[in-house]
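*Asks:* This is the structure I want to talk about, given as structure tokens.
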Amino acid sequence: MAFSKEKLLAGLKFPWKHQNREPQREVKPETSNEVHPVTWRPLYLRRSVLCLFIAFFCGLIIALEVLSHVSQSRSGLASSKQSLHYSWTYAPAAIFLSITTIWTRAEFQAKQASPARRAEHASDYVSVMQPVALWRALKHKDFIVAAGVGCTLLLRLAIIFSTSLFTLKEMAVSQSNVSVQLNDYFEGNNATFNGPGMQPVNLLSAILFENLSYPEGTTASATYQTFSAPNLPSDSNITVPVNGMQTDLVCEEAELSITTWQRVSQSFANFNSYQSVEPQVVNEFRSSSCTISNYSIATTQVSAQPYENIPYVGEFVNTTCDYSNESRYLVYLVEFHEKTPENEDGSSDMVLDRSSQLICHGNYSRIDMLAHGSAAGNSTARLERIGSESSTFPEVSATDISLWIDQYMDHSLQDSDYRVVQDYNAFYAKNGPYGNQTNLNDPLQIGAYIAGVSGDITQLFEPGALQNIASSYYKAVGAQLLHEALAKQHTSLTTGSAIVGENRVVMTNVSLRVIEVCLALVILQVIAIIILDPRRGVPPYDPNRVSTIGAILLASPRVRQLLAGTGGISQKTLDTYLAGSKYVARQTEAGISIEAKEKNEAWTPFPNFISRMIGFIVILLIIVVLEVLLHFSDVNDGLGDVTDVTYKHYLWTTIPAIVMTLIGLFIGSLTANIRTVAPYAQLQQKSGAKFEQSLGLNFLDALDLTNLVRSIRTNHWAVLAGTLAASGTFFLNIVTSGLFSAIAVPRTIEVNATQKTVFGTIGAYQADTAYQLLGSTYGEVIAEYIIQDNLTYPQWTYDGLVFPELSITSPSPNWSTGEGVYMETRISALRANHSCITKTGAELNASVTRQESSKDYTISLNWPPFTLDPYGPNKTTIIAAGNFLSVTDVQSSYFGIATSPQLLTSEEQSGNATVSLFAWGFFGPDASSLAHITAMTCTNTPEIVETDIRFDLPGFNITDAHPPVPDASTARRAPGIPLSSEPWITSLNDPALYIATLPAYRDLDGFFTALVLGRFGLPLETLRDASGDEATAAAIQRQLAIVQAQELNNYTRVDANGTLDGAPVRGTVTLPTRLRVVQNMASTRVLDVLLGVIVVLGAVGSFALNTDRVLPKSPTSIAAIGSLLADSNFLERFGAVLGVYTDKVLGRVFLKDEKFYLLDEPHESGLDERNLKSAVVGGREHLTIYVVGPGGSVSSQEERSEETIPSLQE
């Protein structure tokens, strides 16, 4: 007997008339002769639900686009906070996993309804992995199933890319309404233009040529309120409105007319080889408002060589107009030559070739500015004028400022020791007859360097060029003067804006586009499902329930007849048999049996038992790999560098997600197989199983939570373990999304640095020569700027330490240097060691003597002893004695002086030590006694000390945040490097400038004035009694060390030239801005636990229920289940109620006392529990489901249960 599959399926009859659960008693002939089934549509495949899916997916795409726009326009979505780290790493994967979990219900119901919808191509889509199901659906042109499975796979792809949807990136973020602290304000009252330490011209010279920075609150052209934002990172850039002040020159073009211009040479009597040029000038500088007559143009030069004129001369000088006391600045530049031959009297006429001249007066203004600077407030701000109006202080006039600028300019020009600019000439005479000879005075030179103008001097004859450098000088000097004179300390708050460098959460474009494409394709496929799914739905109510298929078989006697005896054959053989080939059929007493011509291969679901064990081993190996990678990440500060190559970013974000997705597919397939065969596995028990515990169960069409409860209630422990394992895979991709992240991790590189300079060993005579050449007070000037103006230390110095210059040689410093790149090393530093002895009160035998006919007083005392050789074995002490302090008109009560002892003998001068003497105290009420006096002697010896130091690269800068740390145990003498004999800040205490306005400091010398008013701000009251002696002594030694360090820095540094002292220095360069892929420990541990639990649960489920040994084919199709029921007595006994009542009603009413068995051979209906042992699962050739129980007719059971059935209806 042979039937085609189409003929078989055409014989299927669906006996339902109503969708309700009322039993179908009979069909009245007058109403209908044929039963028409009421169609049923699964919940998740209803058009309303599918439209909700489409709306949700569209909304998700819109939300992603909005987030992308926000990410691009706002430099990221938000700042990365450690407390919220897992929110943005886990959230995207969790959202897409939740969506996928819900959609899998629609996918399953599409698979579930496929046999009833397309019976001619029915296939097993449930028990196979999703890629296989997709291939089968496409092969059979079951596009609804293909679309459902395709949506799931696309959503899983979206899950993979969601792990890399957000990443961290260093971004510059703008913030508004930031709280900013203003540290001072400007006030015209009590202006202190003559304050201590005011030397703006010399300060500018040091800034330009000694690598010092502008004092805080000043720039090259203005002064402004200092500010800081302590609540922001120190490297943030802030913009804040401030009050500023600026000086400027108002200039007029002038004309120069010369009547007489001669020079007369004269010889000095004592210096026969020297000549002096005395110019004789009759000239006139005239502008519209001022005339300056007979100004002597600076052509004087003293030379050991025959006199040569300098052809270019320029000056910025203060003078007055003729017939007026109005102060003016004359700015001129002339080019001239000497007319030859000389006159008979030996004079020579000067011929003016060309000139440029200005007559100017000073001005100043208060203006509103925007200051752009760092949040730390320790760098010079960039200023931007925001107001058009300006004002001045009524107490301060522009003339006042000009007068003080003139005084400081004259003071600096008179003291050659402080004129650092004198060694620098910004211009040369390119085509001049006397070589590169030009003569511009210091103000024009400083102005040129500030303005950035240098080179050929002829460019200054261009319009506006001379005024540019003159104004630059005047603005720069005025800025320093105004800040020192008018800025008053006061803290206030204002608001500004900031640009803060933050690690921001940004959306990656590639992941975004992939996810959007996936969602768009999902939407199209859902629309296809809506279009292709039949409008009337598909019968029956639940095509995968045993009772449903039993009803189908009862309504299809020919199909049942064909399927009789096929319970034990494989699905492949059954499909072939039903297709009409490769089978033989025979009629037996039990019905039709099928004998296949080929071997009946047993069905083993994928993954089978062996595949499961291999899979579990692989998962355990993944745990081991995770631990190894975590250890490698911890040891090496990450797994690798984050590069700018885009695709590499997705390697460490998507590959782990792909692996976890594959694990999820593996565990999902394993669990699906357990859920599929679990109801039938119960039938293999010797005691059988009740309907509610076996055939009445459906673990497939239910959520995981429902299956967990159902498996516990029915004691299906394998289903419980498998469901828990599958639920655990839900979290794998969520945790994996935070497994790796890009973090700024310091990277260290061992480097070799070469000393470019060392500290030269010179004798005493050479040291004196060096002092004479460099200026004995030159180091003190730099120290004064550090102490009084609070400037940064010059490069290669810090506090009292001096370091050799370094350069990195290997490896080549080709790394990207930037904020936070630094080198740490240990290097030999030079410093002055101070061996000090302090005595006070009666130990000094001090007395005060008033000089005759004078208000002056003299203090005499016995100094503490000192030694010139603190390192040597013979520490001979020397006593310095004598009157040392003359006080005039005692008013301040406080006194303090630093000096050196009287000239020592040659024996005492052996070695390279110097001695410093300090005394401080407080006069008594009658000024003829001392209320307190302390004296200290210090032996100062240069020494070498090993120092741990950190240089910020690339400039080798030393910061206050990481000061050098000397190792005192390594200190040793530095022979041959003497110190200056008078390391005092003599210029700081200039009575001519400020003694009248600062009487409290009248009797403090320059050193103590700096100590009180300078960088360290020692309170004046500290000098009053013995309680402040310790603090005073410490402050003295530190300030003395700074002064001596600057002296050592200026005259002991020489080129290394390959000497032993210039040996390589080993160091470690740290690159903190390097982004590294770092494995997160918390995520790793959670992932380890999840994978371990999944393996244990999967193994428990596999051993509790070996799906390879339950059924010969997957019970997921009508034919497969029908073949198990065709020979069963179940259909005859309960056929009348199948398809009418739900399984719940069947189990609790009609089948509550029956037990079901999976038997090897068909048996007669008289089989009962007593003779079942020999019949249960003896082999696997002809399996069938058999029911044993008290039985009775169905009608009798219905009569007994009429009141029970309605209460159980669903």
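Read in order, the letters of the sequence shown correspond to residues 1 to 1210 in my numbering. Backbone N, C-alpha and C define an ideal beta-carbon position, used for all residues, glycine too.
Apart from the five residues on each side of it in sequence, which residues of its chain come closer than 6 Å, Cβ to Cβ, to T792?
*Replies:* Cβ neighbours of T792 within its own chain (closer than 6 Å, five residues either side excluded): S213.
*Asks:* Can you look up G1017 in the DSSP assignment and give me helix, strand or coil?
*Replies:* coil
*Asks:* Could you give the C-beta distance for V1077 and L639, rounded to a whole number, given that I count them as a contact under 8 Å?
*Replies:* 5 Å
*Asks:* Can you tell me which residues form a DSSP beta bridge with Y214?
*Replies:* According to DSSP, which records beta bridges pairwise, Y214 is partnered with nothing at all.
*Asks:* Note down the Cα distance separating A485 from A222, rounded to an integer number of angstroms.
*Replies:* Approximately 14 Å, taken between the alpha carbons.
*Asks:* Check Q175 in the structure and name its three-state DSSP category.
*Replies:* The DSSP-derived three-state label of Q175 is strand.
*Asks:* Which residues in the same chain as G150 place their Cβ atom closer than 7 Å to its Cβ, once the five residues preceding and following it in sequence are excluded?
*Replies:* Counting only Cβ-Cβ distances below 7 Å, and skipping sequence neighbours, we find L134 and Q525.
*Asks:* Going by beta carbon distance, what residues of the same chain come within less than 7 Å of F951, once the five residues before and after it are set aside?
*Replies:* Y822, M823, N957 and I958
*Asks:* With a threshold of 8 Å, are at least 3 pairs of Cβ atoms found where one atom belongs to the region 681–699 and the other to the region 629–636?
*Replies:* no
*Asks:* I'd like to know whether the C-beta atoms of F1016 and G896 end up nearer to each other than 8 Å.
*Replies:* no
*Asks:* For A487 versus I457, is the C-beta spacing smaller than 8 Å?
*Replies:* no
*Asks:* Within its chain, find whatever has a CB closer than 6 Å to the CB of T1116; leave out the 5 residues flanking it on each side and keep chain order.
*Replies:* Within its own chain, the residues whose Cβ lies closer than 6 Å to the Cβ of T1116, once the five positions on either side in sequence are excluded, are D124, V126 and S127, listed in chain order.
*Asks:* Helix, strand or coil for A767 per DSSP?
*Replies:* Any reading at A767 must be qualified, since the residue scores a pLDDT of 47, below 50, and its modelled position is unreliable; no value is offered.
*Asks:* How is the alpha helix (DSSP H) around L330 delimited, first residue to last?
*Replies:* No alpha helix (DSSP H) contains L330, which is instead part of the beta strand (DSSP E) from S327 to E338.
*Asks:* Run through DSSP, which three-state label would E252 get?
*Replies:* strand
*Asks:* Nearest by alpha-carbon distance to Y364: which of R1133, A375, S397 and G728 is it?
*Replies:* Closest by C-alpha distance to Y364, out of R1133, A375, S397 and G728, is S397.
*Asks:* Return the chain-ordered list of same chain residues with a C-beta closer than 6 Å to the C-beta of S287, the five sequence neighbours on each side being excluded.
*Replies:* Hits under 6 Å: E252, A254 and I359.
*Asks:* Taking the C-alpha atoms as reference points, what is the distance between E1021 and Q1046?
*Replies:* 29 Å
*Asks:* Considering just the uninterrupted stretch of the beta strand (DSSP E) at Q489, what are its terminal residues?
*Replies:* A487 to M507
*Asks:* What distance in whole Å lies between the Cβ atoms of P233 and A375, which are believed to be in contact at a cut-off of 8 Å?
*Replies:* 7 Å
*Asks:* Which term fits V500, buried or exposed, when burial requires 16 or more other beta carbons within 10 angstroms of its beta carbon?
*Replies:* buried
*Asks:* May I ask you to report which of helix, strand or coil DSSP gives V49?
*Replies:* helix
*Asks:* Give the secondary structure of S374 by DSSP, where H, G and I count as helix, E and B as strand, and everything else as coil.
*Replies:* strand
*Asks:* Are three or more beta carbon pairs between the region 137–147 and the region 448–467 nearer than 8 Å?
*Replies:* Short answer: they don't touch.
*Asks:* Restricting to Cα atoms, I'd like to know which of S73, L157 and A172 is closest to A93.
*Replies:* L157
*Asks:* Below 8 Å, how does it come out for the region 827–841 and the region 1074–1090: are there three or more Cβ pairs, yes or no?
*Replies:* no
*Asks:* Between the Cα of S1102 and those of T247, L67, V677 and P241, spot the shortest distance and give me the residue it belongs to.
*Replies:* It is V677.
*Asks:* Can you tell which of D948, P230, E335 and V240 has the C-alpha that lies nearest to the C-alpha of L256?
*Replies:* E335
*Asks:* Run the CB neighbour count on Y490, radius 10 Å, all protein chains shown included, and call it buried at 16 or more, exposed below.
*Replies:* Reading the sequence as shown, one finds His at residue 490 and not Tyr. Per the 10 Å Cβ criterion, exposed.
*Asks:* Tell me whether the beta-carbon of P656 lies closer than 8 Å to the beta-carbon of L739.
*Replies:* yes
*Asks:* Count the other C-beta atoms from every protein chain shown that fall within 10 angstroms of the C-beta of Y474, then say buried if there are 16 or more, exposed otherwise.
*Replies:* buried
*Asks:* In or out: V915 buried (at least 16 other Cβ within 10 Å) or exposed?
*Replies:* buried
*Asks:* Short check: CB of I674 to CB of A718, under 8 Å?
*Replies:* yes
*Asks:* Given this structure, state the Cα-to-Cα distance separating G1122 from R513, to the nearest angstrom.
*Replies:* 48 Å
*Asks:* Does I386 pass the burial test, meaning 16 or more other C-beta atoms within 10 Å, or should it be called exposed?
*Replies:* exposed
*Asks:* Within a Cβ cutoff of 6 Å, which residues of the same chain sit near S928, ignoring the five residues on either side of it in sequence?
*Replies:* V848
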